[in-house]
Structures are given as C-alpha cells and as structure tokens.
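Residue numbers (our numbering): 20 to 177.
Only one structure is covered here, and it is reproduced in the block below.
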Amino acid sequence: MVSVKIAKNKKEGLKPGEIVYTLMREHDVILGFLKELEKINQGIKNNKEDFSKLNQIAQNLIEAELHYKREEEVLFPELEKRGIFGPPEIMKLEHKDLRKYKKELSGLVKNISEINFNNFKKELNLIAEPLIAALREHIFKENNILFPTALETIKEAE
C-alpha cells in the first residue's frame, strides 16, 4: 500500500521522543484499531457477532482524543507561529467530524442491548464505514503533508 510506504520512509529520520515521531507511532496504533473495526463490522454484517471486541475498539478510538489534543495544543500552534495556517485548520475541522463519528459509535455500542439486531447492523455500518474511510484519509494527510511540513519548518531544538 503506497500510503504506508510513504509514511514509513518519513519516519526513518525521526527519533523517539520527537513529537512527530510520537504522533506517527500513534497513527500506526489508530490504523490498527480501524482494521479491527472493519473486521468486526464485516463479521456483524455477516451475522457473526463479536460485540466484546467492538466495545473495546470504540473505547480505544474515543481515547485517541489525547492524540488530537497533542496535535491541537502542541504541533498546530507551532506551525501557526511560523505562518502555516491552512493544514492545521483543515485538520482541526476533520478532528471535529471524526469526534462526531466516534461518539456515535460509542453511543451505539453502549445501547447495543436496546436495539434490534438488524437495526444495529445497519447503524453500525452507517457509522463504521465513513469513520474508517475518513480517519484513514486524515492520517494519510497528516503523515504525508502536515508532518513533513512541520519537520521542514520547526527546527530540531524547538
């Protein structure tokens, strides 16, 4: 997959402890959650129920909020100080949309026992598929546009 190859090449020169290194590693973890969500959604669509993992994945995606906070409170202000406003603004807007999907997923999972199974399958699919696609695209943009821009403009000592 091209996006993974590009991102891996960008990670090569980074060191543990650097903010971009940390954010890219977190992206790897989040992509793993998405892969698991995609698998669970497919299983549920095919009547192979796997609700125990679904709850944990929903919780993991909600907890990824700390990742967004690091970007919004550390990386984005540094870029904006240097006159780079477009990419951080777009990422903030996407974070807002992604939060909405994650909350919908979490709410659906919490109310699983109160929903007819066929309705649950439909609702899960209506949330999971766009969430997976949007979050993968978002991570691609950050790994291949935002983070390289940050690496070029923010000096190592800063």
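Note that CB positions come from ideal geometry on N, CA and C, so glycine has one too.
None of the values given here were measured: they were computed from a predicted structure.
In this structure, DSSP gives Ala83 a state outside helix and strand, which the three-state scheme calls coil. Judged by their CB atoms, Ala147 and Leu124 are nearer to each other than the 8 Å cut-off. In the structure shown, Asn66 adopts coil according to DSSP, grouped into three states. Annotation: the continuous alpha helix (DSSP H) that includes Leu98 extends over Phe95 to Lys100.
In the structure shown, Phe104 falls within a coil segment according to DSSP collapsed to helix, strand and coil. Note on Leu165: 16 or more other CB atoms within 10 angstroms of its CB, so buried under the neighbour-count rule.
With contacts defined as CB atoms closer than 8 Å, Ile158 and His86 fail to qualify as a contacting pair.
Secondary structure at Ile131: helix, using DSSP grouped into helix, strand and coil. The beta carbons of Lys115 and Ile81 sit no closer together than 8 Å. Here the alpha carbons of Gly126 and Asp69 stand approximately 17 Å from one another. As the crow flies, the alpha-carbon of Gly105 is around 42 Å from that of Asn65.
Secondary structure within the region 127-171: the alpha helix (DSSP H) runs of 4 or more consecutive residues, fully enclosed, are 136-160 (chain order).
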